[in-house]
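Have a look at the structure below before the remarks.
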Amino acid sequence: MKKSSRVISFAVAVALIISSSAFGVLASDNSFKEKLQNITAKGLEFTIDSLLSAVARVLPDGDNIFDADKYDGGDCFFSGSGDFRDPSACVGQWSLGSSSASLVPDDYNEKTYYLGGYLMAENGFNNSVESVIDDMRVRAIAVDDSQVTAVFATIDCIGITNKDIRKIRKQLVEKAGDDYSFSGIIITSTHAHSGIDTEGLWTNVVKKAPKNIFKSLLRIGNLETGTDSDYMEFLYGKVSDAMLEACEKMEVGTMTFASKDISKKYFQNRNRPTNSSLITNLNRLVFTPDNADSTPTMIVNIAAHPDVAGMPTSDGQSSGRQISGDYIYYAGEIINESGYDFMFFNGAIAGIYMARGATNDGLDSTFDGRYCQSKRYGHEIGRMALALNLTVEQIEQDSILADQDTIAAESAIGGDKYTLWYEGWTPVLETDVSPCLNLRFSEVRIEVTNPLMRAVGKINLVSYDILKESGRYYFVTEIGYMQLGNDVKIALMPGEICQDLVVGGSSLTADGSFSGKPFSGKTIEQIFGEGTIAFGLANDAIGYVVPDNDYCLCGVFDHYQELISVGGKAASTLMAGYEALADEYLK
């Protein structure tokens, strides 16, 4: 038994280290090499799946695995705002409140905490927190249209599971008492790779996984939780407090929306070339209180991994052990400086990262750390968000948007690599959003076909409740749809979503996919309409969601995302869920 447990521990630990690191091999354009890679990938997939499936089968079911027939929906699920309401018939007013709080514990330099995002050779496979660069925050807003109240929080973290989200909801409901009736409590993560681990895959996993495997096989003692349970209790309290404060600060006002394509200069598909789409819009909602002395709130959405500040490097620019909110923190810094409260929602980010050439501006020699790249990127995103409806002349009159002394000094260093973010800028129309908030949520069961995730679930490294039926395992997650006024349509999506699933693209086709078969489901835009925005990592962290037909559990040739995924049925299951939701709610 001891020998077999060591073998299993080694297999799972290696798989976890690989899956918790960011890597990918660029695909070749050579057709022969592509065919060879395809054959190799299929062989690796068979080997990996067989090995990990054997490991998962040997591990006994833990206390977090339940009979599917006995599942009753669980606590703290909110179905939404009732029947869809015609926005033209809504006669209320918008109310909004905003709040924010730090999630860095006071004892961060006394107790050992671990960053969620990277566990690599460059940081010696040691991701324990050493210092704080800027902050790790929760941002919250409460929104009301005179009939429907919803509260939102975004956490600077790698991700947070639905099980933990329901614990936050429970605390909020208890604290709110009879003062508020919620149609939705929506909690998302920024996916920052430089916040304290809130999922469990990065918290002392090299030591914890073997211990839990040994205990599981011998059925002795309690399995250690993946995350730091004391820290998670701290986080539940901080997040629920911020959400309640947002409710208490609600006041009436108006809301506007603007969206601009800020170009491919700011985004890159780094490691999933079969995904041909690239969402380059910056979306902005602005709430302006009727009281001129009150602070307006700006809500920003783009789709890009916040992974730069936390990535360990061998050149000394980053140890991979420093807390940072990455570019989101710095976008907020600029927006706050301009007199707004700041809220952020990340988008569909599977394989999508910051493109920093246009923001580094040839100033690399002046950087005193890798986080400086995040800072410049975030500042530029913040300035663009502020300027969506401004002309170049208006931009140049604002010292926060275009400080001419700074521009002159930096351009002298950057030379021909220095670019003005507003060069050739054209403003976009800002439209009023009528006060009508429609919300609908559904629970969806996704079969866990990835054996690594089955094993991780069985040894309690990630906070999931798992259902079992006829020998198969399922995660229960949530999907959602939100509409503000007539035109602002938003799909609330769990996990890191492949953008082709939102707007369409080559990975959904037979010719463009790994399997050579077309994807069987519809895209978000086909279901809800063109221009529907995706908020990713909403109400759950279920890993990467890639089209079923482009799924390959091989770990190489641009398929590393599958290692951190529920499995090869996640995308079709989610899209079928959205179709059913739309059929019931919108038709």
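Under numbering that gives the first Met the number 0, the residue at position 234 of the sequence shown is numbered 233, and the numbers go up by one with no gaps.
Using N, Cα and C, we set each Cβ at its ideal position, and we do this for glycine too.
Determine the closest residue to residue i out of the options, with distance taken between C-alpha atoms.
{"i": "S193", "options": "I445, P434, P450 and R369", "result": "R369"}
{"i": "A120", "options": "I64, S276 and T312", "result": "T312"}
{"i": "V137", "options": "A533, S98 and S145", "result": "S98"}
{"i": "G356", "options": "G176, P450 and C371", "result": "C371"}
{"i": "I298", "options": "E244, M310, V285 and I541", "result": "V285"}
{"i": "Y339", "options": "T358, K214, L385 and E442", "result": "L385"}
{"i": "K53", "options": "P450, G515 and N300", "result": "The amino acid at residue 53 is misidentified as Lys; the sequence shows Ala. The residue with the shortest Cα to Cα distance from A53 is P450."}
{"i": "A303", "options": "I334, D397 and I157", "result": "I157"}
{"i": "A454", "options": "D163, V142 and N211", "result": "N211"}
{"i": "F124", "options": "L114, A308 and S514", "result": "L114"}
{"i": "T148", "options": "Y230, E379, G530 and R439", "result": "R439"}
{"i": "E332", "options": "E524, R382 and D292", "result": "R382"}
{"i": "D74", "options": "V131, G528, E173 and E33", "result": "E173"}
{"i": "I219", "options": "G61, G350 and I159", "result": "G61"}
{"i": "Y265", "options": "I322, I351, V565 and V238", "result": "I351"}
{"i": "T531", "options": "M231, A347 and T160", "result": "A347"}
{"i": "I322", "options": "D415, V307, M249 and G535", "result": "V307"}
{"i": "G176", "options": "S127, L243, D415 and I159", "result": "L243"}
{"i": "T224", "options": "I406, N485, Q525 and N63", "result": "N63"}
{"i": "Y480", "options": "Y577, A411 and S127", "result": "Y577"}
{"i": "V475", "options": "K488, N485 and G494", "result": "G494"}
Any idea what DSSP makes of residue i, helix, strand or coil?
{"i": "V544", "result": "strand"}
{"i": "H378", "result": "helix"}
{"i": "P288", "result": "strand"}
{"i": "Q482", "result": "strand"}
{"i": "K237", "result": "helix"}
{"i": "Y352", "result": "strand"}
{"i": "K214", "result": "helix"}
{"i": "Q525", "result": "helix"}
{"i": "L25", "result": "Caution applies to L25, whose pLDDT of 34 falls short of 50 and renders its modelled position unreliable; the value that the coordinates give is listed next. Three-state DSSP puts L25 in coil, outside helix and strand."}
{"i": "R84", "result": "coil"}
{"i": "Q560", "result": "helix"}
{"i": "M297", "result": "strand"}
{"i": "L359", "result": "Per the sequence shown, the amino acid found at residue 359 is Asn instead of Leu. Helix at N359."}
{"i": "V307", "result": "coil"}
{"i": "L281", "result": "strand"}
Between residue i and residue j, what straight-line distance do the alpha-carbon atoms span, to the nearest angstrom?
{"i": "Y417", "j": "D360", "result": "4 Å"}
{"i": "I38", "j": "K568", "result": "22 Å"}
{"i": "A208", "j": "F76", "result": "31 Å"}
{"i": "E44", "j": "V555", "result": "10 Å"}
{"i": "G520", "j": "D404", "result": "53 Å"}
{"i": "C551", "j": "I185", "result": "31 Å"}
{"i": "I478", "j": "L466", "result": "18 Å"}
{"i": "L580", "j": "D499", "result": "20 Å"}
{"i": "A257", "j": "D464", "result": "39 Å"}
{"i": "S652", "j": "M452", "result": "No statement about residue 652 is possible, as the shown extent of the chain runs from 0 to 586 and does not include it."}
{"i": "F213", "j": "N459", "result": "12 Å"}
{"i": "A533", "j": "L217", "result": "44 Å"}
{"i": "L362", "j": "G79", "result": "48 Å"}
{"i": "D106", "j": "Y326", "result": "25 Å"}
{"i": "V501", "j": "P517", "result": "16 Å"}
{"i": "Y235", "j": "L102", "result": "10 Å"}
{"i": "D155", "j": "V238", "result": "11 Å"}
{"i": "T111", "j": "A407", "result": "44 Å"}
{"i": "G96", "j": "A152", "result": "12 Å"}
{"i": "N290", "j": "R271", "result": "48 Å"}
By the DSSP assignment, the alpha helix (DSSP H) with residue i in it spans what residues?
{"i": "L573", "result": "A569 to Y584"}
{"i": "R136", "result": "That residue, R136, is in no alpha helix (DSSP H); its beta strand (DSSP E) goes R136 to D143."}
{"i": "S101", "result": "Premise fails: S101 lies in the beta strand (DSSP E), W93 to S101, not in any alpha helix (DSSP H)."}
{"i": "M452", "result": "P450 to K457"}
{"i": "V501", "result": "D499 to V502"}
If you follow the beta strand (DSSP E) that residue i is part of, which residue opens it and which one closes it?
{"i": "D66", "result": "I64 to D66"}
{"i": "D404", "result": "Run containing D404: none in the beta strand (DSSP E); it sits in the alpha helix (DSSP H), Q403 to G413."}
{"i": "V251", "result": "E250 to D260"}
{"i": "E446", "result": "L436 to E446"}
{"i": "I185", "result": "G183 to S188"}
{"i": "K162", "result": "Premise fails: K162 lies in the alpha helix (DSSP H), N161 to A175, not in any beta strand (DSSP E)."}
{"i": "Q267", "result": "F266 to N268"}
{"i": "A330", "result": "Unbroken run through A330 is the alpha helix (DSSP H), D325 to E336; no beta strand (DSSP E)."}
{"i": "L466", "result": "I465 to E468"}
{"i": "L536", "result": "Here L536 belongs to no beta strand (DSSP E), and DSSP marks it neither H nor E."}
{"i": "V487", "result": "V487 to L491"}
Does any residue of chain C have a CB that is nearer than 8 Å to the CB of residue i?
{"i": "S323", "result": "The structure shown contains no chain C, having only a single protein chain."}
The segment 244-254 / the segment 77-93 touching (three or more Cβ pairs under 8 Å): yes
Segment contact, 8 Å Cβ cut-off, at least three pairs: the segment 443-460 with the segment 59-79: yes
Cβ contact check for the segment 163-170 and the segment 199-206: 3 or more pairs under 8 Å: no
Segment contact, 8 Å Cβ cut-off, at least three pairs: the segment 138-146 with the segment 264-277: no
Three-pair Cβ contact test at 8 Å for the segment 570-584 versus the segment 532-548: yes
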